[in-house]
Amino acid sequence: MLNIAFIAHDRKKEDIVNFVIAYEHVFKDKKLYSTGTTGLRIMEATELKIHRFLSGPLGGDQQIGSLIAQNEMDLVIFFRDPLMAQPHEPDITALLRLCDVHGIPVATNLATAEILVRALDRGDFAWRELVENNKPGLGQ
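Written out as structure tokens, the structure reads:
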């Protein structure tokens, strides 16, 4: 089962909720995670169950980053607001860096999210199962 994280800055929360509503059928059989308010908003608008972490500024981005570092995240959908300074920008940068280091697909806008979710729907993420099945144990 694939693990997917949803994150959205305040002015992008409505966009991510509408996006998840449109692709609810794709997400329904996945294990879903989110930062606090984003996850709550998505659950209120859909039938999806989401494991919610803290809000981003309170450490939620870092909690999701921990799953990425442990190779327990397969896709991150992070609707960023590039026009608004974020007080926790270092956490955001660290999260994106972890995605790059560990080869985790990350969408930071609607256009990229659309492409990745359509690929997910086609089954193009089967390579993540190979990664999961062949990941080394801790300490190796």
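The sequence shown lines up with residues 1 to 140 when you count with the UniProt record's numbering.
Quick reminder that beta carbons are idealized off the backbone N, C-alpha and C, glycines included.
Pair within 8 Å by beta-carbon distance, residue i and residue j
{"i": "ASP61", "j": "ASP91", "result": "yes"}
{"i": "ASN3", "j": "LEU67", "result": "yes"}
{"i": "PRO57", "j": "HIS88", "result": "yes"}
{"i": "LEU40", "j": "GLY65", "result": "no"}
{"i": "ILE16", "j": "THR46", "result": "no"}
{"i": "ILE42", "j": "SER55", "result": "no"}
Proximal residues to residue i (C-beta, below 6 Å), its chain only, five neighbours per side dropped
{"i": "LEU83", "result": "none"}
{"i": "ASP74", "result": "LEU2, ASN3 and ARG128"}
{"i": "LYS31", "result": "MET1 and ASN3"}
Alpha-carbon spacing of residue i relative to residue j, whole angstroms
{"i": "GLY36", "j": "PHE78", "result": "13 Å"}
{"i": "ARG80", "j": "HIS51", "result": "20 Å"}
{"i": "GLU14", "j": "ILE7", "result": "12 Å"}
{"i": "ALA126", "j": "GLU72", "result": "15 Å"}
{"i": "GLU24", "j": "ILE115", "result": "15 Å"}
{"i": "GLN63", "j": "PHE53", "result": "7 Å"}
{"i": "THR112", "j": "ARG118", "result": "10 Å"}
{"i": "GLY59", "j": "GLY123", "result": "32 Å"}
{"i": "ASN18", "j": "ASN109", "result": "13 Å"}
Beta-ladder partner(s) of residue i, from DSSP
{"i": "ARG118", "result": "ARG118 is not bridged to any residue."}
{"i": "PHE125", "result": "For PHE125, which the question treats as bridged, DSSP gives no partner whatsoever."}
{"i": "VAL20", "result": "Answer is none; VAL20 lacks a bridge partner."}
{"i": "LYS31", "result": "ASN3"}
{"i": "VAL76", "result": "ALA5 and VAL106"}
Cut-off 7 Å between Cβ atoms - residues of its own chain near residue i, not counting five sequence neighbours on either side
{"i": "PHE27", "result": "ILE4, VAL20 and LEU48"}
{"i": "ARG11", "result": "ASP81 and MET84"}
{"i": "GLN86", "result": "HIS9 and ILE92"}
Coil, strand or helix - residue i by DSSP
{"i": "HIS88", "result": "coil"}
{"i": "ILE50", "result": "strand"}
{"i": "ALA104", "result": "Sequence check: residue 104 is Ile here, not Ala. Note: ILE104 maps to coil in three-state DSSP."}
{"i": "LEU58", "result": "helix"}
{"i": "LEU83", "result": "coil"}
{"i": "GLN70", "result": "coil"}
{"i": "ASP15", "result": "helix"}
Neighbourhood of residue i by C-beta distance below 8 Å, restricted to the same chain and skipping five residues each side
{"i": "CYS99", "result": "ILE68, VAL76, PRO105 and VAL106"}
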